[in-house]
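J.:
2 protein chains.
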Amino acid sequence: MNAMPQPASEHANLEALKEKARLLRIHSLRMTTRAGSGHPTSCLSAADVVSALFFHAMRFDPKNPDAPDADRFVMSKGHAAPLLYAAQAEAGIYPLGRLATLREDGSELEGHPTPRIRGVDAATGSLGQGLSVGAGMALAAKRLEKRDVRVYVLLGDGEMAEGNVWEAAEFAARYGLDNLTAIVDVNGLGQSQRTMYGHDPEAFRDRFAGNGWDAVVIDGHDMNAIVGAIDRARAARSGKPQVLLAKTQKGHGISFLADKEGWHGKPLSKDELARALAELHPVPPTEDPDPKSYARPAGGAPSDFPAVPPPNYTLGQEMATREAYGHALARIAAVNPKIVAVDGDVKNSTFAEFLEKTHADHFFQGYIAEQNMVTVGVGLAARGFTPFVATFAAFLSRAFDQVRMAAISRSHIKLCGSHCGVSIGEDGPSQMGLEDLAMFRAVAGSTVLYPSDAVSADKLTEALARLPGIGYIRTTRPKTPVLYKSDEKFPIPGFKVLRESAQDRAVVIAAGITLHEALKAHAELAKQNIAIRVIDLYSVKPIDTPGLIAQVKAAGNRVVVVEDHFPEGGLGGAVFGALSLAGIPLASARHLAVSGVAHSAKMDELLNEFGISAKHIAAAVKS
Amino acid sequence: MNAMPQPASEHANLEALKEKARLLRIHSLRMTTRAGSGHPTSCLSAADVVSALFFHAMRFDPKNPDAPDADRFVMSKGHAAPLLYAAQAEAGIYPLGRLATLREDGSELEGHPTPRIRGVDAATGSLGQGLSVGAGMALAAKRLEKRDVRVYVLLGDGEMAEGNVWEAAEFAARYGLDNLTAIVDVNGLGQSQRTMYGHDPEAFRDRFAGNGWDAVVIDGHDMNAIVGAIDRARAARSGKPQVLLAKTQKGHGISFLADKEGWHGKPLSKDELARALAELHPVPPTEDPDPKSYARPAGGAPSDFPAVPPPNYTLGQEMATREAYGHALARIAAVNPKIVAVDGDVKNSTFAEFLEKTHADHFFQGYIAEQNMVTVGVGLAARGFTPFVATFAAFLSRAFDQVRMAAISRSHIKLCGSHCGVSIGEDGPSQMGLEDLAMFRAVAGSTVLYPSDAVSADKLTEALARLPGIGYIRTTRPKTPVLYKSDEKFPIPGFKVLRESAQDRAVVIAAGITLHEALKAHAELAKQNIAIRVIDLYSVKPIDTPGLIAQVKAAGNRVVVVEDHFPEGGLGGAVFGALSLAGIPLASARHLAVSGVAHSAKMDELLNEFGISAKHIAAAVKS
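Quick mapping for you: the protein sequence lines, in order, are chains L and W.
If you're matching positions, the first sequence starts at 3 in my numbering and goes up one per residue.
If you're matching positions, the second sequence starts at 3 in my numbering and goes up one per residue.
The following block contains the structure:
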């Protein structure tokens, strides 16, 4: 690769690195003052470390910073974005003149970093997630790609309070990610007050050591110490990830900012900037703003793969969709080497264990730590893999912020939530996913799928593996009969009409377990000479609005939506929203959903009690 | 109080405690076999510890286990619920015969514990949250109530991977909660495989010690060691919380279960039960099932308080609703001693800092750890306080699982999400709450409020403090003008009609920042002789459906909904869902919302770009 030569520390030009750090400080101050917002003092504390990383440690070609063999950097303390941008510009990834566009409408240099910018793998800004991103990338490089790629993650000390960080720390140690180096900028000042441990890097060192990391404390403003520590970390082949706890000062380098409270998130005024720059003289002239965008091209999708042989299920065969998902993963992995699975210690419940049996090196146990599990997935996806992250639907709510950030990253991670709804039965409400459709619908650019049988579960899993953006598939605990032939196609958006006649009294729109209840209701009503149309709305988002409208009209504009989910944000939200915007005058509309807090009981007792069973569907049709 | 005498360890009847442990094992096995589901081996490992807690350490009156001075117990490893129930029954809280109803429809003895049962303060079952519950209760007892109440939390080792646990550990040490004792049941077997640290309690000890706890490792099946350690923890006045790392065996006590893989979540068959009981002989006769419910009475609400003096804002005064929220908290706290605030290191952004100034002892800094912050709130609420938990709306998504569990607990916690929508401007999408209305609407029993000005922010904050269940209030970053007089009332459900005439072309339904944009649009359209009705939908859930229907009809069934939120699950979801179910035939419907991923820019640029500004509202009306 065309890269900067790899200097050993004895060749490290400390003066050059200190000079770069000085420039990074100047840029950070100038940028934020010009933008009128930003976090300059959070940049000043980390400038020496970032200089050592970008201009000594990291191996990359500034003309191609995302080459597969380039080292990676994650700015976990995302509000120090200006510092990252300054380093990237000084490294030559884009011109210095671009820095003046920080936070402007249309500039890829946003308030917090996103992958619109080359060299940035995932969006940060919601604290405590960057170490998981780094762990995912380090895992991919080491275990899947077998590439000598090193991943550096810069964290703030305030964000060390986030449990997500410690989930990532456990995970990285467990997987022996010695190609992962974290640096914590311990500047001792949070947003609103001194952070819990003040200037106590030793406490962090002990905690990291207790988690199986190699941990050292360094003076974060002593370039010789920084470079030495980074080099030793790089050279160590200890099988452990490394962390440098860098004791720093917020606002370091400017006398009226250094370690002063009240400056978080405050840009300097023009006068204050002039005073600050006087302390950093000589300062280079200001660059003319560069109006050209240096953003990465938009778009992208998961790695393509050939057609997957269809599954071998027979009509009427009893199989849970959660189990079919597991078989599908293994089947897709056989033709797609990019498939990886990350599970939350429930692999025998989500059936991700099938992939572990067929492709053990593509299966990673995340243990009971959903936040990290999801964001490790983002790291894996950034390296070109197609991760399927699975746990109980209810427990994916543990990682909503992580999914939200993954969407801002335009990541292609796929998630599977099993054990949805009251249909899980006696385990009770803590285990029941009743809000997951609402959660995943409210994710930018997401696809939300809900198969009712094993064949559709198989096809929809495969579909997700081909679609860009966040993908979610909802699976059911109990066994249900196969409804579709193995060669059935499931377009997205789309739905299936499973029962129809010319005299349909109403259309019942359902999915998953309620689809089967709707079929039972259809049979019951048929005995009473009442015909209904039954629709399997397997694609909840996007929804096939024109197709649905046609079906609703054919059934006299009488609609029953029935779902094993809370009333808000699920099938009902999707269907009634679409019909309203289309101006369809509903002669009659009923929404059967789970209202209130559920409890332990048998599945059939719960379906009845919460009004979503065949009996209730039939009653709704008749009313 | 009428309590069991406080034995010193030298008086502890070890044989009696071992006998109780044997009975707890018998009950756990019998219960789960009868129910046909459950986690008996997870109960067997912890039976000795639970016996020592219930029959030696904890001070409570079984006839009144929720008395304010009773010690508390949290079963954080919620799947060991049968063990808890067995202990409660043996202690006399309810008859042994009730145990046979485990997991039955109608029984308060659910698959995972909930506060339907006396002696249980919060629902568990989503792992890793119990220590936060305990920390919240310990904090309340020690710092607010000044009561000598000890809180015990039993965790499993698998759940120690959850970051939430470590957030709670930091918090408890920071607040010097030496009335909090955690016991970790280190049995080394997760659901699907050996846990990360196997049987390594020493690693946990080091990590807890690094977090500022007193930590010891004990043999979890040696009653003398257990009792001694508990007594020493109780006697220590070290200012530190204590943790006992109990080395145990999953399935301990039964030869074919002890430390065997594959038994997680599996009840014994009738034959296996017979073999197991043979190893635990002599066994007491089976009790007849007791059909009487011993559930706590349902209902409840936050502590009542007198009328709050109204705020002193003038029409047109510019104030951000986030700031008005802060003032409201302080004003309510002046008449309601139960108000407490927990903040996520953004107190100068959420303005919870005002409460810190007026009632510093009722303000708790949660630092950057939202999961713990929310569930500490649940602990505080369990002690009778009315907690207001605040951070940026986007970061509340970090705690969706915790909010979900709080709803299952029927907790009365209140949450405030500031910095909602694209209206925050240049900080960019990582800081923008665009899915929070969807999230909080999909919470059982929640109230979701969205004030557009300082007066309504004040009144709605007060309203939440009086309402039962989870309450959410969404606040805006930029200043907006006061629209209402200080004596205005805001019923829930309800909305305000701010502009109306007899010729309204359409009704525009908005809230927060878009309400102000709608008013601007009204003024613009008036110049063109086009009249529109403008509605401030401050109560998103519950929604005043009949009232809204009347307004929609008066405006010719032409509706524009405009919100600074994603299209899914927010105002649009609420409005169109309600109108659909009411069968209102919309002549025309438009939904203006933020589609896709936002980016850094000025607020006005973003409002325009994402189609929710006055200009777009006017255009939607005209089309």
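Heads up, the beta-carbon is just placed ideally off N, CA and C, and yes, glycines get one too.
Gln373 of chain W versus chain L: which residues are under 7 Å apart at the beta carbon?
T.: For Gln373 of chain W, the chain L residues whose Cβ falls inside 7 Å of its Cβ are Gly165, in order along the chain.
J.: Quick check: the Cα distance between His283 of chain W and Pro304 of chain W, rounded to an integer number of angstroms?
T.: 48 Å
J.: Below 8 Å on C-beta distance, what does Thr126 of chain W contact in chain L?
T.: Ser432
J.: What is the DSSP secondary structure of Val344 of chain W, reduced to helix, strand or coil?
T.: It is a strand residue.
J.: What does Lys604 of chain W reach in chain L if we use C-beta pairs closer than 7 Å?
T.: Asp107
J.: Taking Ala217 of chain W as the query, report the chain L residues whose CB atoms sit under 9 Å from its CB, ordered along the chain.
T.: None at all; the shortest Cβ gap to chain L is about 11 Å.
J.: Would you say Glu570 of chain L lies against chain W (beta-carbon separation less than 9 Å)?
T.: yes
J.: If you follow the beta strand (DSSP E) that Asp187 of chain W is in, where does it begin and where does it stop?
T.: Leu182 to Val188
J.: Counting only C-beta atoms, is Ala440 of chain L closer than 9 Å to chain W at any point?
T.: For Ala440 of chain L, the nearest CB of chain W lies under 9 Å from its own CB, placing it at the interface with that chain.
J.: Any Cβ of chain L within less than 9 Å of the Cβ of Glu325 of chain W?
T.: no
J.: Going by DSSP, which residues form a beta bridge with Glu320 of chain L?
T.: L:Pro483
J.: What's the C-alpha gap between Lys22 of chain W and Phe57 of chain W?
T.: 8 Å
J.: Name the residues in the stretch 162 to 191 of chain L whose C-beta lies less than 9 Å from a C-beta of chain W; which are they?
T.: Met162, Ala163, Glu164, Gly165, Asn166, Val167, Trp168, Glu169, Ala170, Glu172, Phe173, Ala175 and Arg176
J.: Any residues in the stretch 508 to 538 of chain W with a beta carbon nearer than 7 Å to a beta carbon of chain L? Which ones, in chain order?
T.: none
J.: Grab the span of the beta strand (DSSP E) containing His593 of chain W for me, first residue to last.
T.: Ser590 to Leu594
J.: Are the Cβ atoms of Ser413 of chain L and Ala227 of chain L separated by less than 9 Å?
T.: Cβ distance not < 9 Å, so Ser413 of chain L and Ala227 of chain L don't count as in contact.
J.: Going by the CB atoms, is the gap between Arg100 of chain L and Asp292 of chain L shorter than 9 Å?
T.: yes
J.: Would you report the Cα separation of Ala595 of chain L and Gly473 of chain W, rounded to the nearest angstrom?
T.: 22 Å
J.: Do we get a CB-CB distance below 9 Å when we pair Phe402 of chain L with the residues of chain W?
T.: At least one chain W Cβ lies under 9 Å of Phe402 of chain L.
J.: Compare the C-beta of Met407 of chain W against all C-beta atoms of chain L and say whether one is closer than 9 Å.
T.: Taking Cβ atoms only, chain L reaches closer than 9 Å to Met407 of chain W, which makes this a yes.
J.: Within the present structure, is the beta-carbon of Gly127 of chain W separated from the nearest heavy atom of the ligand MG by less than 8 Å?
T.: Questions concerning the ligand MG fall outside what the structure shown contains, since it holds no ligand whatsoever.
J.: Could you confirm whether any beta carbon from chain W is found closer than 9 Å to the beta carbon of Tyr631 of chain L?
T.: Past the edges of chain L, shown from 3 to 625, lies residue 631 of chain L, and the structure says nothing about it.
J.: Would the stretch 546 to 562 of chain L count as touching the stretch 554 to 561 of chain W if we require 3 or more Cβ pairs under 8 Å?
T.: no
J.: For Val424 of chain W and Lys604 of chain W, what's the separation of their Cα atoms in angstroms?
T.: 9 Å
J.: Cα separation between Lys624 of chain L and Ala184 of chain W?
T.: 56 Å
J.: Quick check on the DSSP output: the alpha helix (DSSP H) that includes Thr34 of chain L runs from which residue to which?
T.: Leu16 to Ala37
J.: Go through its chain and collect everything with a Cβ distance to Asn374 of chain W's Cβ below 7 Å, but skip five positions before and after it.
T.: Ser134, Asn166, Glu169, Ala170, Phe173 and Gly368
J.: So with CB distances below 8 Å, who are the chain C contacts of Ile410 of chain L?
T.: In the displayed structure, chain C is absent; the protein chains listed are L and W.
J.: Based on Cα-Cα distance, which residue from L:Ala205, L:Asp180, L:Gln251 and L:Lys249 lies nearest to Asp216 of chain L?
T.: L:Asp180
J.: I believe Arg105 of chain L touches Gly94 of chain L by the beta-carbon criterion, under 8 Å. Please report the beta-carbon distance rounded to the nearest angstrom.
T.: Your pair Arg105 of chain L and Gly94 of chain L does not check out as a contact, with CB atoms roughly 22 Å apart and the cut at 8 Å.
J.: Under a three-way DSSP split, which group does Thr377 of chain W fall into?
T.: helix
J.: Would you mind telling me which residues of chain L sit closer than 7 Å to Leu581 of chain W, beta carbon to beta carbon, in chain order?
T.: Ser582
J.: By how many angstroms is the C-alpha of Ser271 of chain W removed from the C-alpha of Gly40 of chain W?
T.: 12 Å
J.: Should Ser425 of chain W be flagged as near chain L, meaning a C-beta pair shorter than 9 Å?
T.: The beta carbon of Ser425 of chain W does not come within 9 Å of any beta carbon belonging to chain L, so the residue lies off that interface.
J.: Just how far apart, CA to CA, sit Leu46 of chain W and Glu147 of chain L?
T.: Taking C-alpha positions only, Leu46 of chain W is separated from Glu147 of chain L by approximately 43 Å.
J.: Can you give me the Cβ contacts of Ala622 of chain W inside the same chain, cut-off strictly under 7 Å, excluding the 5 residues immediately before and after it?
T.: Val562, Arg592 and Leu594
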